[in-house]
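Student: If you scroll down you'll find the structure; I have some questions about it.
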Amino acid sequence: GEKKVLSPCTDALPPPDCNPSLGRPPFFEYLVVVSVRKRTGGDEGYEPQIIYQFPKSCSQSQRRDEETCLKAITLFCFPEGVTWAPLTEYRSETFSFVLTEIDGSRRNGYCRRLLPLGKGARPPEAYCIISTLACFSLFSKIFDEVEKRRQISMAMIYPFMQSLRETAFPAPGKTVTIKSFIPESGTE
């Protein structure tokens, strides 16, 4: 099979606080998938809801910080004031945002909003990657791969993201190859 090579930006230097055991930061901290669901409690309309998070958080204190962060992420993925509802057509779009912590540290959010394959009106989904790395073009390429897999099955995304998370970010100007399997395309 053909290998897909993701070439990172040459200006994306690892942040100084990167994990010393890896030598380089991981590509991302976590992936969150947000979709719109009917509001509960008799309210009209739809609201954004996290339907998947990878990896799951570990410690209690981490979980608290994460909850605040995840609330913000859902609003970035599906902003308030916009009426979200199931759609039959939607052109996927990629955008980014910055999350600033109380201590001033920053993390980047990269998001791809798309409409999964299907028949009739269905809710859009947003795939959001939180990373200390600032490199929009690299994450756009990663989302192209995620979207390709999503159109086959949600389950196809996770092995790809797992391999990506286990791969250290390459040195500036270097490339990285992620091997993964797509039915009918073989190993890429």
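The sequence shown runs contiguously to residue 188 in full-length UniProt numbering. Glycine included, C-beta positions come from ideal geometry on N, C-alpha and C.
Mind listing, in chain order, the continuous alpha helix (DSSP H) runs of no fewer than 4 residues lying wholly within the region 102-185?
Tutor: 136-150 and 157-165
Student: If the criterion is Cβ atoms closer than 7 Å, does the pair residue 128 and residue 73 meet it?
Tutor: yes
Student: Going by DSSP, name the residue or residues bridged to residue 38.
Tutor: Answer is 46.
Student: Quick one: what's got a C-beta closer than 6 Å to residue 49's C-beta in the same chain, skipping five residues either side?
Tutor: 37
Student: Hey, would you say residue 158 sits closer than 7 Å to residue 124, going by beta carbons?
Tutor: In this structure, residue 124 does not lie closer than 7 Å to residue 158 by Cβ.
Student: State the Cα-Cα distance for the pair residue 106 and residue 44, rounded to the nearest angstrom.
Tutor: 36 Å
Student: Determine the direct distance from the alpha carbon of residue 97 to that of residue 29, and round the result to whole angstroms.
Tutor: 15 Å
Student: Please classify residue 34 as buried or exposed, where buried requires at least 16 other C-beta atoms within 10 Å of its C-beta.
Tutor: buried
Student: Where does the unbroken beta strand (DSSP E) through residue 94 begin, and where does it stop?
Tutor: 93-100
Student: So, at 6 Å on beta carbons, what are the nonlocal neighbours of residue 120 in its own chain, with the 5 sequence-adjacent residues on each side left out?
Tutor: none
Student: Tell me the rounded alpha-carbon separation between residue 92 and residue 102.
Tutor: 32 Å
Student: Going by other Cβ atoms of all chains shown within 10 Å of its Cβ, with 16 needed for buried, is residue 173 buried or exposed?
Tutor: exposed
Student: What would DSSP say about residue 76, mapped onto helix, strand or coil?
Tutor: helix
Student: State buried or exposed for residue 137, treating a residue as buried only when at least 16 other CB atoms are found within 10 Å of its CB.
Tutor: exposed
Student: Cα separation between residue 99 and residue 109?
Tutor: Put simply, the backbone Cα of residue 99 is about 7 Å away from that of residue 109.
Student: Considering only residues of the same chain and omitting the five flanking positions on each side of residue 70, which have a CB-CB separation below 8 Å?
Tutor: 32, 50 and 53
Student: Less than 7 Å separating the beta-carbons of residue 150 and residue 160?
Tutor: Taking 7 Å as the Cβ cut-off, residue 150 and residue 160 do not qualify as a contacting pair.
Student: With which residues is residue 31 paired in a DSSP beta bridge?
Tutor: Bridge partners of residue 31: 54 and 129.
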